[in-house]
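Position in the sequence shown (from 1) plus 160 gives the number in the numbering used here.
Here the structure comes first, spelled out in structure tokens, and everything after it is commentary.
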Amino acid sequence: AHSDTIHFNSMPGGFMAGVWVALEDIDEDNGALVYYPGSHKLPEYSMQDLGLGIGYEYYKDYEQCIQKLIADHNLQAEYGTIRKGEALIWHANLLHGGAPRKDPSKSRHSQVTHYFFEGCRFYTPMLSSEGDIHYRDPIWIPQSADQVPRVLNKLSPSLIRRVLGKLGFN
161 AHSDTIHFNS MPGGFMAGVW VALEDIDEDN GALVYYPGSH KLPEYSMQDL
211 GLGIGYEYYK DYEQCIQKLI ADHNLQAEYG TIRKGEALIW HANLLHGGAP
261 RKDPSKSRHS QVTHYFFEGC RFYTPMLSSE GDIHYRDPIW IPQSADQVPR
311 VLNKLSPSLI RRVLGKLGFN
């Protein structure tokens, strides 16, 4: 389990939300989203708060610290078993993760997006320390039809239609 606030966060805090959209039915067999209700009320923990070094090489240690927090606060897991097209929206500090797939032949196709609200700066806490913030520039969603996101500039409309068709979104 993890909080999204360790991977990316906002200044000021609280300007981000996560969204998970099921592209197929999600159940216990293909590994539902596991989350811990009420965990968003815990403090946001940095790597330094947990006594860890900065960087992705310490991520497994981070997850072990989070498991201890879950046990110490007696948080109970719930599972996001949802249907294709449904979405879960969560607070950036909610502890969550993917449950193991019980049936390895099944997939768990989904689209996960993190939204940053206007008026904040975007940074990577796992690569930041006090006084040395690792800021990033997100790709903003266009606000008018004549603006095309940089990522989509390189994709042809026919390719986008084909991919959406294969996913069942005709």
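Where a beta carbon is used, it is the ideal one built from N, C-alpha and C, also for glycine.
DSSP state of residue i mapped onto helix, strand, coil
| i | result |
| --- | --- |
| I320 | helix |
| I249 | strand |
| L254 | coil |
| A177 | strand |
| M171 | strand |
| H200 | helix |
| Y195 | strand |
| G325 | helix |
| D164 | helix |
| Q224 | helix |
Per-residue burial, residue i [other beta carbons within 10 Å of its own, 16 or more giving buried]
| i | result |
| --- | --- |
| M176 | buried |
| Y195 | buried |
| Y295 | exposed |
| P260 | exposed |
| I186 | buried |
| S199 | buried |
| I226 | buried |
Cα-Cα separation between residue i and residue j, rounded to whole angstroms
| i | j | result |
| --- | --- | --- |
| E278 | L183 | 28 angstroms |
| P203 | T241 | 27 angstroms |
| I214 | K244 | 37 angstroms |
| S289 | T165 | 14 angstroms |
| N190 | S265 | 8 angstroms |
| L167 | L319 | Before going further, note that residue 167 is His rather than Leu in the sequence given. One C-alpha to the other measures close to 31 angstroms. |
| K262 | L193 | 13 angstroms |
| D232 | E246 | 32 angstroms |
| C280 | P172 | 6 angstroms |
Contacts around residue i, its chain only, beta-carbon distance under 6 angstroms, and the 5 residues preceding and following it disregarded
| i | result |
| --- | --- |
| I293 | Y283 |
| S163 | N253, L255 |
Cutoff 7 angstroms; reference residue i; Cβ partners in own chain excluding five residues on either side
| i | result |
| --- | --- |
| F276 | S170, F175, M176, F282, P298 |
| Y216 | M286 |
| P197 | E238 |
Contacts around residue i, its chain only, beta-carbon distance under 8 angstroms, and the 5 residues preceding and following it disregarded
| i | result |
| --- | --- |
| S267 | E184, N190 |
| K228 | none |
Below-8 angstroms beta-carbon distance, residue i vs any chain C residue
| i | result |
| --- | --- |
| D263 | Of the protein chains in this structure there is only one, and it is not chain C. |
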